[in-house]
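Peer 1:
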Amino acid sequence: MNYDICIVGSGAGASPVAYSLAKAGAKVLVLEKGPWLTEKEFYKDELAISLRNVYNPKLEDEQHVIEEQYQYDNGETYWQGEATSESGWSFWNGTVVGGSSNFMSGYFHRLKPIDFRLKSTFGVIDGANVEDWPISYHDLEPYYAQVERDVGVSGKTVDHPNQEPRSTDFIYPPLAEHAISSWIDKAAKLIGYHAIPVPRAILSKPAMGRKSCEYSGYCSSYGCASGAKGSGRAALLNHAVAGGNCVIKPQSKVYKIATDSKGKISGILYYDGRGRKQTATAKIYVVACQAIETSRLLLASTGEKFPKGLANNNGQVGKNLVFSAGGTGSGDFNYNELSEQQVNELKQVGPFINRSLQDWYQINDKNFNGANSKGIAKGGTIDFLFHQNPVARAGGSQWGVDENENDQLVWGEQLKQNLKKEFTTYKTLRFEVFNDWLPNDDCFVSLDNDITDKWGDAVAKVRIGYHNHDLKVGEYLSKKAEKLLTAMGAKNVSSSVSGYPPSNLMAGGCRFGDDPKTSVLNKNCQAHEVDNLFITDGSFMPTGGSVPYTFTIYANAFRVADHIKQKLQLS
Amino acid sequence: MKFISSFFDKNYQTPSWLTNKLSKKNLSRRKMLKGTLKSAGGATVVAALPFSAWSTAPLSLPEQLKSDPWLTLDSVLNHLLPTSKTGPGAKEIQATTYLFNLVNLQPTEQDEIDFIYKGVGWLNGYSQSQLQKNFVELAVQDKETLLRGISQSRAGQNWLNTLLGYIIEATLTPPVYGGNANQIGWQWLEHQGGFPLPSEGTRFYEVPNQQSRVAVDTVGKTAKNIDVVNLVASRQLPKNKGKKS
Chain F
3 MNYDICIVGS GAGASPVAYS LAKAGAKVLV LEKGPWLTEK EFYKDELAIS
53 LRNVYNPKLE DEQHVIEEQY QYDNGETYWQ GEATSESGWS FWNGTVVGGS
103 SNFMSGYFHR LKPIDFRLKS TFGVIDGANV EDWPISYHDL EPYYAQVERD
153 VGVSGKTVDH PNQEPRSTDF IYPPLAEHAI SSWIDKAAKL IGYHAIPVPR
203 AILSKPAMGR KSCEYSGYCS SYGCASGAKG SGRAALLNHA VAGGNCVIKP
253 QSKVYKIATD SKGKISGILY YDGRGRKQTA TAKIYVVACQ AIETSRLLLA
303 STGEKFPKGL ANNNGQVGKN LVFSAGGTGS GDFNYNELSE QQVNELKQVG
353 PFINRSLQDW YQINDKNFNG ANSKGIAKGG TIDFLFHQNP VARAGGSQWG
403 VDENENDQLV WGEQLKQNLK KEFTTYKTLR FEVFNDWLPN DDCFVSLDND
453 ITDKWGDAVA KVRIGYHNHD LKVGEYLSKK AEKLLTAMGA KNVSSSVSGY
503 PPSNLMAGGC RFGDDPKTSV LNKNCQAHEV DNLFITDGSF MPTGGSVPYT
553 FTIYANAFRV ADHIKQKLQL S
Chain Y
5 MKFISSFFDK NYQTPSWLTN KLSKKNLSRR KMLKGTLKSA GGATVVAALP
55 FSAWSTAPLS LPEQLKSDPW LTLDSVLNHL LPTSKTGPGA KEIQATTYLF
105 NLVNLQPTEQ DEIDFIYKGV GWLNGYSQSQ LQKNFVELAV QDKETLLRGI
155 SQSRAGQNWL NTLLGYIIEA TLTPPVYGGN ANQIGWQWLE HQGGFPLPSE
205 GTRFYEVPNQ QSRVAVDTVG KTAKNIDVVN LVASRQLPKN KGKKS
């Protein structure tokens, strides 16, 4: 079989390329390591989604090594790796057709013009490797609009101080809102904040062969049983396959991209579902396995012309990995302090909160002591949410303290009281803060020398160093969010900001730029060193912006797809 | 692990499957800078986990309940979450059924199953040494005293915490897993479950093509996907019809 395009991975970075190219008449092959599940296999099952983590590899089979910084007694620091099969800290986010987009919350905020030029706007920050993007918001804007249309984003535009320019309005109206959204709006107005609606990649009405949202109340991190959530599988790959030009091979684990003596890609080597070695060839190759695994694959793909890994003769592959900085916080609403109507409103399950704050997307506050002495800095986004998982909520109910304040197990009537109190006397409103994870020399992907996956290939080793500036921004934003919760009447208001990366929000590692010495990809996400290699997941991002990544990954992949179409002279 | 004869054996160490579970829950407590030097390259790759038999559960639970370990486990669970006017107990929730399925149907690590079973022996050993009776024969107050006693040991605390954790799962997971009978746990705690819920055939360990289950009869269940692949791969691909994209 002669394919025009072979894509490694099937998530948010891969599916727009498969969709666009198949639609334009190219023959597309998609290789996905995980199984091909559909709406019929997704249930609201806490065991499946989190407690037993069914949609990801067992860490004993496939894992990562995470390098953290430690300190000797004399104050010297050093980096030490720990295998995730030992720590239990999974960095897998959905090993199935459609990838992690099946399990995303779908908070689809666009980047803003300023995100494309952080360095020229805010200047150099010591210890950070900030670079401007080689493209502008203007270049990406039409593709955000395309995602809103083709993947399906529900929302509405309101005027607010940090609203980014838009060429089109939302096609799909906002999803049904929870009563607490109006509580947020009221309190925000009172204290001078602008609470804005959150666009979601969830259909509010049936379209494109998919059903609309059924409001089960279990959305974030769950696979969607109605097809309303705009996963790459439901929104794009299904159409690509139905059109006849796209073949998806699930359970195909790519382990190497082979190159010939001239440095040209000669084929993609993979294990099929039965563990047999196979080779796929095409005119153009696209890699989109999520940031860590994309860098790992390139580093593992050594060849005569690429002794340090594919497209890595300048040593840039794996470097400048970024996560999302920030933190989380919460406040409790105690039922005994509220009217019956308020309690009933709070107890509602199903509709979405869909509120965020972007008043401090740029911080301009002389009380903020960041890198810039005038208190000017890139800020971020605050989103609000409820947690629904009951077993997680009950966790810890079996613990109390004895008379000496030591932890002690409780059971019997005490356990029953603890559970009853936990579930029936209050509800917690949570927030999440998203701000830039500054790229730095201590956050990168390499190959581990000791640990291999179940096929015998070296696993990725990830160093997770962060820049202290990220914590300052995260704390600044968290305090702003806490103020809103307090204004709403919440109790036990608190937040937690740390340098630990959220393992589901990753980008970078193969950043794009105009200079091959400091970037892996050119502005079209084509490898500087390999003519027919493109990378379309979040790896391309030199800086990550202060919103979740999926929307921008989708938009950029549509942009790159247009470029590949031109290259193949398809209309 | 060395042979451990009781909850109070000094050689007992919290088993790795359990520390692993606990560390997953406590990631937020992890400290960035730690004072101790860890051995370099000390990581080992654990061999593929053995699974309990999927479809060959030996006897039904009612049969098993007549003797140990299930006789004692049932009694312990009923003591830990007693039936009372404050709400349903382990009995109404069917926590023992949940635990039985956990052992026999869910892909639970054999080490963990062994630990649950060993605890029964340790508990009855302790019960015999203290009161010359097996646990199930004791009055409620004696059961309480005995369980408080073993909870003072690390092994006893780990064992009880394991059972309490599964009582909570039994109370709050979808009924198809054996607990939360007729959603009694959700009703008691005024929790609204989601939809659609899994049913027999779609429990988490029956999801087709799970990587951990590649070797287990998945061929029939993947047929739909294979069909699509074959269909598309063998079909004459249409020429570009000039669609705008």
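Top to bottom, those sequences are chains F and Y. Just so we're aligned: 230 in our numbering is position 228 of the first sequence, and the numbers increase by one with no gaps anywhere. Just so we're aligned: 133 in our numbering is position 129 of the second sequence, and the numbers increase by one with no gaps anywhere. Where a beta carbon is used, it is the ideal one built from N, C-alpha and C, also for glycine. Small disclaimer: the values here were computed from a predicted structure and weren't measured.
1. Distance cutoff 7 Å, beta carbons only. Does Gly91 (chain Y) sit that close to anything in chain F?
2. Please go through the stretch 472 to 545 of chain F and give each complete beta strand (DSSP E) segment of 3 or more residues, from N-terminal end onward.
3. Are Val319 (chain F) and Gly311 (chain F) closer than 7 Å when you measure CB to CB?
4. Could you pull the start and end residues of the alpha helix (DSSP H) that Arg207 (chain Y) belongs to?
5. For Tyr121 (chain Y), which residues in chain F fall below 9 Å Cβ to Cβ?
6. Got a sec, what are the start and stop residues for the alpha helix (DSSP H) Ile97 (chain Y) sits in?
7. Between which two residues does the alpha helix (DSSP H) holding Pro144 (chain F) run?
8. To be precise: take each residue of the stretch 550 to 572 of chain F, compare its Cβ to all Cβ atoms of chain Y, and keep it if any distance is under 9 Å. Which residues remain?
9. Taking Asp472 (chain F) as the reference, which of F:Asn534, F:Gly265, F:Thr170 and F:Thr545 has the closest Cα?
10. Here's a check: name, in chain order, each residue in its chain whose Cβ is nearer than 7 Å to the Cβ of Ala197 (chain F), leaving out the five neighbours to either side.
11. Within 7 Å of any Cβ in chain Y, is that where the Cβ of Lys474 (chain F) sits?
12. Which residues, taken in chain order from the stretch 43 to 56 of chain F, show a beta carbon closer than 8 Å to some beta carbon of chain Y?
13. Once DSSP output is grouped into helix, strand and coil, what is the label at Lys231 (chain F)?
14. Starting from Pro66 (chain Y) and walking both ways along the beta strand (DSSP E), at which residues does that stretch end?
15. May I ask you to list the residues that DSSP assigns as paired with Tyr174 (chain F)?
16. Mind pulling the chain F residues with CB within less than 8 Å of Ser88 (chain Y)?
17. Asp450 (chain F) bridges to which residues according to DSSP?
18. Pick out whichever of F:Gly501, F:Ser399 and F:Ile182 has its Cα sitting closest to the Cα of Asp623 (chain F).
19. Val208 (chain Y) CB to nearest chain F CB: under 7 Å?
20. May I ask which residues mark the beginning and end of the beta strand (DSSP E) holding Val124 (chain Y)?
21. At what residues does the beta strand (DSSP E) containing Gln364 (chain F) begin and finish?
22. Taking CB distances under 7 Å as the criterion, tell me whether Ala16 (chain F) reaches chain Y.
23. Can you give the Cα-Cα distance for Ser131 (chain Y) and Phe11 (chain Y), rounded to whole angstroms?
24. Spatial neighbours of Gln161 (chain Y) within its chain, please: C-beta separation below 7 Å, excluding the five flanking residues on both sides.
25. Quick one: does Gly160 (chain Y) have its CB under 7 Å from some CB of chain F?
26. Apart from the five residues just before and just after Leu449 (chain F), which ones in its own chain have a Cβ nearer than 6 Å to its Cβ?
27. Leu120 (chain F) and Lys380 (chain F): beta carbons closer than 7 Å?
28. Beta-carbon of Val288 (chain F) versus every beta-carbon of chain Y: anything under 7 Å?
29. What residues in the stretch 184 to 210 of chain Y bring their beta carbon closer than 9 Å to a beta carbon of chain F?
30. Our contact map puts Ser17 (chain F) next to Gly328 (chain F) with C-beta atoms below 8 Å; I'd like the distance itself, whole angstroms only.
31. Which residues bound the beta strand (DSSP E) around Gly189 (chain Y)?
32. Judging by CA-CA distance, which residue of F:Asn366, F:Pro353, F:Phe560 and F:Val393 is the nearest neighbour of Leu177 (chain F)?
33. Given a cut-off of 7 Å on the beta-carbon distance, is the pair Ala483 (chain F) and Phe433 (chain F) in contact?
34. Between which residues of its own chain and Ser92 (chain F) is the CB-CB distance below 7 Å, once the five residues before and five after are set aside?
35. CA-CA distance, Asn366 (chain F) and Gly331 (chain F)?
36. So does the stretch 92 to 107 of chain F actually touch the stretch 361 to 376 of chain F, counting three or more Cβ pairs closer than 8 Å?
Peer 2: The relevant details are as follows:
1. Within the second sequence, residue 91 (chain Y) is the residue found at index 87, counting from 1. Chain F contact via Cβ: present.
2. 493 to 499, 509 to 511 and 535 to 537
3. Position 317 of the first sequence, counting from 1, holds the residue named residue 319 (chain F). Position 309 of the first sequence, counting from 1, holds the residue named residue 311 (chain F). Closer than 7 Å, so yes.
4. Position 203 of the second sequence, counted from the start, is the residue given in the question as residue 207 (chain Y). Counting along the chain, Arg207 (chain Y) falls outside any alpha helix (DSSP H), and DSSP gives it neither H nor E.
5. For the purposes of this step, residue 121 (chain Y) is taken as the residue at position 117 of the second sequence. The contacting residues do not exist; Tyr121 (chain Y) stays about 20 Å from chain F at best.
6. What you label residue 97 (chain Y) is simply residue 93 of the second sequence in a count that begins at 1. It spans Ala94 to Ile97 - the alpha helix (DSSP H) in which Ile97 (chain Y) sits, taken as one unbroken run.
7. In the first sequence, residue 144 (chain F) corresponds to position 142, counting from 1. Here the alpha helix (DSSP H) through Pro144 (chain F) covers Tyr139 to Val149.
8. Result list: Ala563, Asp564, Lys567 and Leu572.
9. In the first sequence, residue 472 (chain F) corresponds to position 470, counting from 1. For Asp472 (chain F), the nearest C-alpha among the options comes from F:Thr545.
10. Along the first sequence, one-based indexing puts residue 197 (chain F) at 195. Ile186, Asp187, Ala190, Arg357 and Leu359.
11. Within the first sequence, numbered from 1, the residue matching residue 474 (chain F) stands at position 472. Cβ-Cβ to chain Y under 7 Å: no for Lys474 (chain F).
12. Residues of the stretch 43 to 56 of chain F that bring their beta carbon within less than 8 Å of a beta carbon in chain Y comprise Glu43, Tyr45, Lys46, Asp47, Glu48, Leu49, Ala50, Leu53, Arg54 and Val56, in sequence order.
13. Residue numbering aside, residue 231 (chain F) sits at position 229 when the first sequence is read from its first letter. Note: Lys231 (chain F) maps to strand in three-state DSSP.
14. In the second sequence, residue 66 (chain Y) corresponds to position 62, counting from 1. Per DSSP, Pro66 (chain Y) belongs to no beta strand (DSSP E); it is in the alpha helix (DSSP H), Leu65 to Gln68.
15. Working through the first sequence from its first residue, we reach residue 174 (chain F) at position 172. In DSSP, Tyr174 (chain F) forms a bridge with F:Ser156.
16. Taking the first residue of the second sequence as position 1, residue 88 (chain Y) is located at position 84. Residues of chain F with a Cβ closer than 8 Å to the Cβ of Ser88 (chain Y) are, in chain order, Glu415 and Lys418.
17. Position 448 of the first sequence, counting from 1, holds the residue named residue 450 (chain F). For Asp450 (chain F), which the question treats as bridged, DSSP gives no partner whatsoever.
18. What is shown of chain F runs 3 to 573, which leaves residue 623 (chain F) out entirely.
19. For the purposes of this step, residue 208 (chain Y) is taken as the residue at position 204 of the second sequence. Note that residue 208 (chain Y) corresponds to Phe in the displayed sequence, not to Val. So yes, Phe208 (chain Y) belongs to the interface.
20. Sequence index remark: in the second sequence, residue 124 (chain Y) carries index 120 (1-based). Looking at the DSSP string, Val124 (chain Y) is not in any beta strand (DSSP E); the run it does join, the alpha helix (DSSP H), is Gln114 to Leu135.
21. Locating residue 364 (chain F) in the first sequence gives position 362, counting from the first residue. Where Gln364 (chain F) is concerned, the enclosing beta strand (DSSP E) stretches over Gln364 to Asn366.
22. The residue labelled residue 16 (chain F) in the question sits at position 14 within the first sequence. Chain Y, which has no Cβ nearer than 7 Å to the Cβ of Ala16 (chain F), makes this no.
23. In the second sequence, the residue the question calls residue 131 (chain Y) occupies position 127. In the second sequence, the residue the question calls residue 11 (chain Y) occupies position 7. Cα to Cα, Ser131 (chain Y) sits roughly 12 Å from Phe11 (chain Y).
24. Counted from its first residue, the second sequence places residue 161 (chain Y) at position 157. If we look at Gln161 (chain Y) and ignore the five residues flanking it on each side, its Cβ neighbours are Ser155.
25. By one-based count along the second sequence, residue 160 (chain Y) stands at place 156. By this cut-off, Gly160 (chain Y) is not an interface position.
26. Working through the first sequence from its first residue, we reach residue 449 (chain F) at position 447. Within the same chain, Leu449 (chain F) has close Cβ partners Leu301 and Ala460.
27. Taking the first sequence and counting its residues from 1, one reaches residue 120 (chain F) at position 118. Taking the first sequence and counting its residues from 1, one reaches residue 380 (chain F) at position 378. Against a cut-off of 7 Å, the Cβ pair of Lys380 (chain F) and Leu120 (chain F) comes out as a contact.
28. To locate residue 288 (chain F), count along the first sequence from 1; it is residue 286. No, Val288 (chain F) lies away from the interface with chain Y (no Cβ there is under 7 Å from its Cβ).
29. Gly189, Trp190, Trp192, Leu193, Glu194, His195, Gln196, Gly197, Gly198, Phe199, Pro200, Leu201, Pro202, Ser203, Thr206, Arg207, Phe208 and Tyr209
30. Here residue 17 (chain F) corresponds to residue number 15 of the first sequence, with the count starting at 1. Here residue 328 (chain F) corresponds to residue number 326 of the first sequence, with the count starting at 1. That pair is no contact at about 27 Å.
31. As a working mapping, residue 189 (chain Y) is identified with position 185 in the second sequence. Taken as a continuous stretch (DSSP letters only), Gly189 (chain Y) belongs to no beta strand (DSSP E), being part of the alpha helix (DSSP H) at Ile188 to Trp192.
32. In the first sequence, the residue the question calls residue 177 (chain F) occupies position 175. Closest option to Leu177 (chain F), judged by alpha-carbon separation, among F:Asn366, F:Pro353, F:Phe560 and F:Val393: F:Pro353.
33. Looking up residue 483 (chain F) in the first sequence gives position 481. Looking up residue 433 (chain F) in the first sequence gives position 431. For the pair Ala483 (chain F) and Phe433 (chain F), the CB atoms are nearer than the 7 Å cut-off.
34. One-based indexing of the first sequence puts residue 92 (chain F) at position 90. If we look at Ser92 (chain F) and ignore the five residues flanking it on each side, its Cβ neighbours are Asn55, Asn58, Leu61, Thr86 and Ser505.
35. Here residue 366 (chain F) is taken as the residue at index 364 of the first sequence, counted from 1. Here residue 331 (chain F) is taken as the residue at index 329 of the first sequence, counted from 1. For the pair Asn366 (chain F) and Gly331 (chain F), the Cα-to-Cα distance works out to about 23 Å.
36. Counting Cβ pairs under 8 Å, fewer than three are found: no touch.
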